[in-house]
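Colleague: So the sequence shown is residues 231 to 421, counted in our numbering. Questions regarding the structure given below will be posed in turn.
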Amino acid sequence: MIRILGIIGSPRIGGNTELFVAEALKATEGDDVETELLRLANREVKPCDACLSCKQTGECRIKDDFKPIFDKMVAADGIILSSPVYFGSATPQIKSLIDRAGYLSVARKRVFENKVGGPMVVARRAGHNFTLAQLLFFFLHQGMIVPGSSYWNIAFGREKDEVTKDEEGLLTAKNFGKKMVWLIKKIKETG
Ligand SMILES: Cc1cc2nc3c(=O)[nH]c(=O)nc-3n(C[C@H](O)[C@H](O)[C@H](O)COP(=O)(O)O)c2cc1C
């Protein structure tokens with residue numbers, strides 16, 4: 231069984247980022263694939279406060295919704311991190327998760343090593359590339375493997391649902407989803 235987790239870094243439920251990632255997840259579906267779309271919108275992940283106690287305990291001491299999300303990330307074979315562009319940047323919601331998951335992973339001897347994953351970004355007009363790079367830094371830092379698609383994983387949209395008019399964006403999402411599954415299967419085959 232292959233598990234793919236799509237994490238939505240938008241505070242807007244049912245928004246463009248969610249629809250964009252859902253398109254990728256839909257393309258991964260098959261008999262042996264289990265997908266989950268996880269919204270940060272209805273969860274609280276506070277920022278890392280640099281206490282560094284995770285280095286000693288292997289746990290994050292901040293009390294909020296982080297732990298179950300981290301556990302799902304650890305259990306997944308493939309992870310998508312997504313965000314709308316907010317003032318040229320990723321949202322605070324996804325950034326908090328990146329900081330805490332990244333640090334805790336390192337404290338636990340790099341639990342995301344060799345997992346497959348990638349970033350997905352939506353914006354009305356500008357800031358895709360920078361935000362895509364922000365999210366990409368997580369995957370590369372963690373020793374994860376990032377497949378490509380038919381374009382970079384970006385889409386355009388402002389009002390809810392507008393992203394569904396971006397045909398090339400949706401095709402990119404679909405091809406990215408398929409490439410994730412292809413790569414995960416190859417990695418599992420070779421052990
Ligand atoms: C606070 C805020 C800042 C934004 N900043 C940008 C921006 O810098 N560039 C841009 O193209 N769109 C910007 N947008 C538009 C969103 O990226 C766009 O509406 C996107 O579709 C939202 O995704 P969602 O529906 O998943 O929340 C901003 C929206 C908000 C609410």
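Heads up, the beta-carbon is just placed ideally off N, CA and C, and yes, glycines get one too.
#1: Should Ala363 be counted as a contact of ligand 1 given a C-beta to heavy atom distance under 7 Å?
#2: Helix, strand or coil for Ala252? Go by DSSP, reduced to three states.
#3: Assuming Asp294 and Lys276 are in contact, meaning their beta carbons sit under 8 Å apart, how far apart are those beta carbons, in whole angstroms?
#4: Tell me which residues share the same chain as Ile414 and place their Cβ nearer than 7 Å to its Cβ, disregarding the 5 neighbours each side in the sequence.
#5: What did DSSP end up calling Phe367 once you bin it into helix, strand or coil?
#6: What residues match up with Met350 in a beta bridge as DSSP calls it?
#7: Taking 6 Å as the limit between beta carbons, can you name the residues of its chain near Thr321, skipping five residues before and five after?
#8: Apart from the five residues on each side of it in sequence, which residues of its chain come closer than 6 Å, Cβ to Cβ, to Gly236?
#9: For Ala337 and Met350, what's the separation of their Cα atoms in angstroms?
#10: Pick out whichever of Asn246, Phe296 and Cys278 has its Cα sitting closest to the Cα of Leu270.
#11: Which runs of the beta strand (DSSP E), 3 residues or longer, sit entirely within the region 371–410?
#12: Checking 8 Å against the spacing of the C-beta atoms, do Val315 and Thr265 come in under that value?
#13: Buried or exposed for Cys281, please, with buried defined as at least 16 other CB atoms from any protein chain shown within 10 angstroms of its CB.
#14: Leaving aside the five residues before and after Asp329 along the sequence, list all residues of the same chain whose C-beta is less than 6 Å from its C-beta, in chain order.
#15: Considering Gly332, what are the terminal residues of the alpha helix (DSSP H) in which it resides?
Modeller: Well, looking at it:
#1: Your numbering for residue 363 matches position 133 in the sequence shown. Answer for Ala363: no, Cβ out of range of ligand 1.
#2: By one-based count along the sequence shown, residue 252 stands at place 22. It is helical.
#3: For the purposes of this step, residue 294 is taken as residue 64 along the sequence shown, with counting starting at 1. For the purposes of this step, residue 276 is taken as residue 46 along the sequence shown, with counting starting at 1. About 5 Å; that satisfies the 8 Å criterion.
#4: In the sequence shown, residue 414 corresponds to position 184, counting from 1. Contacts found: Ile232, Asp307, Gly308 and Val346.
#5: Counting from 1 along the sequence shown, the entry for residue 367 is found at position 137. Residue state, collapsed to three classes: helix.
#6: In the sequence shown, counting from the first residue as 1, residue 350 sits at position 120. According to DSSP, Met350 bridges with Ser312.
#7: On the sequence shown, residue 321 is found 91 positions in, with the first residue counted as 1. Excluding positions up to five away in sequence, the list reads Gly239 and Ser313.
#8: For this step, residue 236 is matched to residue 6 along the sequence shown. Excluding positions up to five away in sequence, the list reads Val251, Leu255, Leu267 and Ile310.
#9: One-based indexing of the sequence shown puts residue 337 at position 107. One-based indexing of the sequence shown puts residue 350 at position 120. For Ala337 and Met350, the distance between alpha carbons rounds to 26 Å.
#10: Taking the sequence shown and counting its residues from 1, one reaches residue 270 at position 40. When each option's Cα is compared against that of Leu270, the closest is Phe296.
#11: 384–386
#12: Within the sequence shown, the letter at position 85 stands for residue 315. Within the sequence shown, the letter at position 35 stands for residue 265. Against a cut-off of 8 Å, the Cβ pair of Thr265 and Val315 comes out as no contact.
#13: Taking the first residue of the sequence shown as position 1, residue 281 is located at position 51. Answer is exposed; the Cβ neighbour count stays below 16.
#14: Taking the first residue of the sequence shown as 1, we reach residue 329 at position 99. Cys278, listed in sequence order.
#15: If you number the sequence shown from 1, residue 332 lands on position 102. That run of the alpha helix (DSSP H) goes Pro322 to Ala337.
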